[in-house]
Amino acid sequence: MTENFDLFGNPYVERPTKRGRPPHEVTKKTRNRVSMLVALGWANPRIASALGVTLPTLHKHYFYELRQRDVARDRLELRRLELAWEMAEAGNVGAFKEFGKLLERNDRMEIEREMGSKQTEEGKSAAAERVGKKIIDKQRAIDADADLMAELEREATHNVGHC
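The opening residue of the sequence shown carries number 1 in our numbering; numbering runs sequentially from there.
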């Protein structure tokens, strides 16, 4: 049987010989696709839809790739750095420049992570000092009472001469 391919390069059968959906075939290419989409932060239903499989099929065949969600982005960046470095070592000047850009980007990300961790530490101390709703309401009541007394004093001193 000759395989036909759709616009995106996926094989399809014009006339199915059996009833039901054909079983999903796992290839290295589809595994790499899933790994890349996980690294890009796609949700599992979106990945399943893009591959044309159901969510249980995605979990069944690609459970290892889906478990790597925490480190997938770092692995993708690592692979980009590796490829750029290999090409730069081979004498490609453009790859050397790209490696420099990737290196600078990585340095910026590390600085942002450090600054973010410092802000969360400061945020935790600010949260500990935060005043609760009841205390704020009590302080507002005291301030309102003081404002009312000041207003009454002004009216009393203003009306003294009119009597």
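Note that CB positions come from ideal geometry on N, CA and C, so glycine has one too. Please read all numbers here as calculations on a predicted model, not as lab measurements.
- Close CB contacts of alanine 88 within its chain, under the 6 Å cut and outside five residues either way in sequence, are with Ala95, Phe96, Phe99 (chain order).
- Taking 8 Å as the cut-off, the beta carbon of alanine 39 is found closer than this to the beta carbon of arginine 75.
- Fewer than three pairs of CB atoms, one per stretch, sit closer than 8 Å, so the segment 126-140 makes no contact with the segment 103-118.
- Here asparagine 4 carries a strand assignment [DSSP, helix/strand/coil].
- Nearest in C-alpha terms to histidine 24, of all of Gly41, Ser35, Pro11, Glu151, is Pro11.
- Bridge pairing for tyrosine 12: Asn4 [DSSP].
- Here valine 38 carries a helix assignment [DSSP, helix/strand/coil].
- Your pair leucine 51 and asparagine 44 does not check out as a contact, with CB atoms roughly 11 Å apart and the cut at 8 Å.
- As summarised for the segment 63-95, the continuous alpha helix (DSSP H) elements at least 4 residues long and confined to that stretch are 63-67, 69-89, given in chain order.
- From the listed residues Thr30, Glu3, Val53, the smallest Cα separation to arginine 21 is found for Val53.
- Per DSSP, threonine 157 is one residue of the alpha helix (DSSP H) stretching across 133-159.
- Assigned with DSSP and collapsed to three states, alanine 48 falls in helix.
- By the beta-carbon neighbour count (other beta carbons within 10 angstroms, threshold 16), glutamate 65 is buried.
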